[in-house]
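Engineer:
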């Protein structure tokens with residue numbers, strides 16, 4: 608596709624529910640990043656993939672958060688037993704491995720009630 | 511000290527003026543610097559990237575990097591109302607253990623008044 612796509616765009620979950628957020632990066636981009644952005648804040652790094660390898664997951668806030676990219680393309684961020692503090696916009700970005708420029712998808716706005 | 515600092519603003523400039531946005535960072539070995547624009551309710555959009563000291567120009571935008579002072583700025587010439595947005599500074603932090611990990615400022619809100 609022409610850009611990074613994410614689905615769903617909006618997700619409302621009851622506290623304790625599991626959610627899965629999907630990211631389709633730009634074709635050919637080997638690097639993929641997940642960020643969390645709270646209202647009025649800058650993005651906070653969650654995790655980074657190079658192809659299918661998860662090279663850095665230091666930003667995942669707890670073991671309830673899990674990300675995968677099994678075939679080096681589409682990635683899924685899963686949040687188990689959602690809590691209210693998980694409410695945020697989850698942004699996915701991709702880039703060519705040889706360049707630093709990252710392009711963002713539209714984000715998924717997660718609201719946990 | 512925060513790793514990447516920006517004035518939150520709002521910065522208000524008249525249409526046609528030069529808007530100057532500033533960012534300081536804490537890691538002396540940072541190598542990659544980015545300016546993103548984010549409209550309300552939208553995702554960040556890359557405006558400029560800069561990797562070496564000096565100025566880099568792209569249309570109405572100029573990024574300036576001074577590694578000795580750990581300072582990066584974005585100048586917007588001939589500001590337009592459509593430039594009104596939050597501008598985010600992002601810097602890579604090799605000391606964080608991953609050269610590709612970006613640390614972000616909180617953003618500066620810019621308002622260009624017609």
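Protein chains in written order, with my numbering: chain A, 608 to 720; chain B, 511 to 624. All residues carry an ideal CB built from backbone N, CA and C; glycine is no exception. In this text the structure is predicted, and so the values were computed from the model without any measurement.
Please classify residue 622 of chain B as buried or exposed, where buried requires at least 16 other C-beta atoms within 10 Å of its C-beta.
Structural biologist: Answer is buried; the Cβ neighbour count reaches 16.
Engineer: For residue 614 of chain B, which residues in chain A fall below 7 Å Cβ to Cβ?
Structural biologist: Chain order gives the chain A residues near residue 614 of chain B as 649, 650, where near means a beta carbon separation below 7 Å.
Engineer: Would the region 664-676 of chain A and the region 636-655 of chain A be scored as touching if the rule is three or more Cβ pairs under 8 Å?
Structural biologist: yes
Engineer: Assuming residue 588 of chain B is part of the beta strand (DSSP E), what are its boundary residues?
Structural biologist: Taken as a continuous stretch (DSSP letters only), residue 588 of chain B belongs to no beta strand (DSSP E), as it is neither H nor E.
Engineer: Three Cβ pairs or more, each shorter than 8 Å: is that satisfied between the region 694-703 of chain A and the region 572-590 of chain B?
Structural biologist: Because the criterion of three Cβ pairs below 8 Å is not met, the region 694-703 of chain A and the region 572-590 of chain B do not touch.
Engineer: Could you spell out the range, first to last residue, of the beta strand (DSSP E) harbouring residue 547 of chain B?
Structural biologist: 543-548
Engineer: List the residues of chain A whose Cβ lies closer than 9 Å to the Cβ of residue 617 of chain B, in chain order.
Structural biologist: The answer, in chain order, is 647, 648, 649.
Engineer: Counting contacts by CB-CB distance shorter than 9 Å, is residue 635 of chain A in contact with chain B?
Structural biologist: no
Engineer: Taking the runs of the alpha helix (DSSP H) that are 4 residues or longer, which of them lie wholly in the region 613-647 of chain A?
Structural biologist: Assignment of alpha helix (DSSP H) within the region 613-647 of chain A, counting only whole runs of 4 or more residues, yields no such run.
Engineer: Are the region 631-647 of chain A and the region 674-693 of chain A touching by the rule of at least three beta carbon pairs closer than 8 Å?
Structural biologist: yes
Engineer: Which residues, in chain order, does the region 676-700 of chain A contribute to contact with chain B at a C-beta distance below 7 Å?
Structural biologist: Correct list: 698.
Engineer: Relative to the C-alpha of residue 688 of chain A, which residue among A:717, A:621, A:710 is closest?
Structural biologist: A:621
Engineer: Under the rule that 16 or more other beta-carbon atoms within 10 Å means buried, what is residue 531 of chain B, buried or exposed?
Structural biologist: buried
Engineer: Determine the burial state of residue 619 of chain A: buried for a count of at least 16 other Cβ atoms within 10 Å of its Cβ, exposed for fewer.
Structural biologist: Residue 619 of chain A should be labelled exposed.
Engineer: Which residues does DSSP pair with residue 562 of chain B in a beta bridge?
Structural biologist: BP columns for residue 562 of chain B are empty, so no partner.
Engineer: When DSSP builds the beta bridges, which residues end up paired with residue 555 of chain B?
Structural biologist: B:547
Engineer: Given a cut-off of 9 Å, decide if residue 680 of chain A and residue 629 of chain A are closer than it, judged by their beta-carbon atoms.
Structural biologist: no
Engineer: For a contact meaning CB atoms closer than 8 Å, what does residue 638 of chain A contact in chain B?
Structural biologist: 610
Engineer: For residue 534 of chain B, count neighbouring C-beta atoms within 10 Å of its own C-beta (all shown protein chains included) and say buried if the count is 16 or more, exposed if not.
Structural biologist: buried
Engineer: So which residues on chain A does residue 520 of chain B lean against when the C-beta distance must stay under 9 Å?
Structural biologist: Below the 9 Å Cβ cutoff, chain A contributes no neighbours of residue 520 of chain B, its closest Cβ being approximately 12 Å away.
Engineer: With a cut-off of 9 Å, does the C-beta of residue 514 of chain B fall near any C-beta of chain A?
Structural biologist: Yes, residue 514 of chain B counts as interfacial toward chain A.
Engineer: Spell out the partners DSSP gives residue 613 of chain B in its beta bridges.
Structural biologist: B:601
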